Amino acid sequence: MMENHSADLGLLIQVQVGNEDKFMALFNCYSSMVRRLWQRYHIPDLEFEDWCQEAQLVLLKVIYSYSGKDIHQFSGFYKQSLVNRLLDLYRARQANKRIPIEQLGTFGENDDEMMIRKSASLEDIVYCHKSIEEIIRISSPFERDVLSMIVTGRSIEQVCRELQCSKRQVQSALSRTRTKLVKLLAGE
C-alpha cells in the first residue's frame, strides 16, 4: 500500500514540475474516488464524462495550489475540492430554476382589482386554491395566524397587538411566508 502512495507522491511532484504526460496517470490514481463522489452527490444532467472533465480541472488547480509533501493531505485536499465543485455545480443548476426578481413584480394595492378584471380559467382557480392549501400546510402556526390576519385586512400593528408580538416578528413571518409562496409557485 505504501508503494502506491509513494508512486502518487512521485507523480504529484513530476506533474508539479511540469511533466504533463504524468497528469493522466495521477488522475487515474484518483479515478475511483472521482466515480464514488459522482455517484454519492448525483446531479441530474451531469454525465460521468462531464464530471471527469470537471474533476481534471479541479485536479489541475489543486496540483498548482498544493505546497505540502504529504500525499495523504493532498488526497484529502483534492477530495474536499471535488466535493466543493459538486456543490457549486448543484447550486448553479438550482439557480437556473429560480424566477428572476424582475419577473415576479411587486404586490400593490391594485393587484386585487386587476385580478378581478381578468377572467380566470377554471384551471387557474383550482391552481390558486391548491397553492393556498399548500402554503397553509407548510407554514408554521404563527405564520398561518399572521397571514390570515393580513389577508383579512388587518394592519401589521393590529396583528402585533392581537398576537402580542413585535413588529419585527410579524414582518419576519410575512417574509418567510412570501419566500415559501415564491418557491411553491416556482415549482421547487
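The UniProt record's numbering puts the sequence shown at residues 1 to 188.
All residues carry an ideal CB built from backbone N, CA and C; glycine is no exception.
Since we're looking at a predicted model, the values are computed, not measured.
Beta-carbon proximity list for residue i, same chain, < 7 Å, skipping 5 on both sides
i: V170; result: V146, I156, V159 and C160
i: L184; result: S131, E134 and I135
i: R85; result: E54 and V58
i: S166; result: C160
i: W38; result: F48 and W51
Element boundaries [alpha helix (DSSP H), containing residue i]
i: E133; result: L122 to I138
i: C165; result: Note, C165: premise wrong, no alpha helix (DSSP H); not H, not E.
i: S65; result: F48 to S65
i: N28; result: F23 to C29
i: H72; result: I71 to A95
i: D145; result: P141 to V151
Where residue i falls, given that 16 or more other Cβ within 10 Å makes a residue buried
i: A186; result: exposed
i: V126; result: exposed
i: L87; result: exposed
i: L82; result: buried
i: A95; result: exposed
i: S139; result: buried
i: L122; result: exposed
Nearest-angstrom Cα separation, counted from residue j out to residue i
i: S175; j: R168; result: 10 Å
i: L59; j: L46; result: 18 Å
i: F74; j: Q16; result: 12 Å
i: L26; j: K61; result: 14 Å
i: M2; j: M33; result: With a pLDDT of only 38 at M2, under 50, the local geometry of the prediction cannot be trusted, and the value read off the model is given with reservation. Looking at the two C-alpha atoms, the distance is approximately 18 Å.
i: D50; j: P44; result: 12 Å
i: R91; j: G68; result: 30 Å
i: K79; j: E162; result: 54 Å
i: R178; j: R144; result: 12 Å
i: D124; j: T152; result: 22 Å
i: H72; j: F48; result: 25 Å
i: R154; j: V182; result: 22 Å
i: A173; j: R137; result: 15 Å
i: G18; j: R35; result: 26 Å
i: Y66; j: R40; result: 25 Å
i: I150; j: G76; result: 52 Å
i: H42; j: F142; result: 36 Å
i: N4; j: C29; result: The predicted model places N4 with a pLDDT of 49, which falls under 50 and marks its position as unreliable; any figure quoted below should be read in that light. Whole-angstrom Cα-Cα distance: 9 Å.
i: L13; j: Q56; result: Before going further, note that residue 13 is Ile rather than Leu in the sequence given. Roughly 17 Å separates the two Cα atoms.
i: K180; j: S148; result: 15 Å
i: M24; j: I63; result: 13 Å
i: L89; j: E20; result: 27 Å
i: H129; j: R93; result: 30 Å
Closer than 7 Å: residue i CB and nearest the ligand ATP heavy atom
i: V83; result: Of the ligands one can find in the structure shown there are none, so the ligand ATP has no counterpart to examine.
Contact with chain B by residue i, beta-carbon distance below 8 Å
i: A55; result: In summary, chain B is missing from the structure at hand, where a single protein chain is found.
Residues of its chain near residue i, where Cβ-Cβ distance is below 6 Å and the 5 sequence neighbours each way are ignored
i: L9; result: I71
i: K22; result: L11, Q14 and V15
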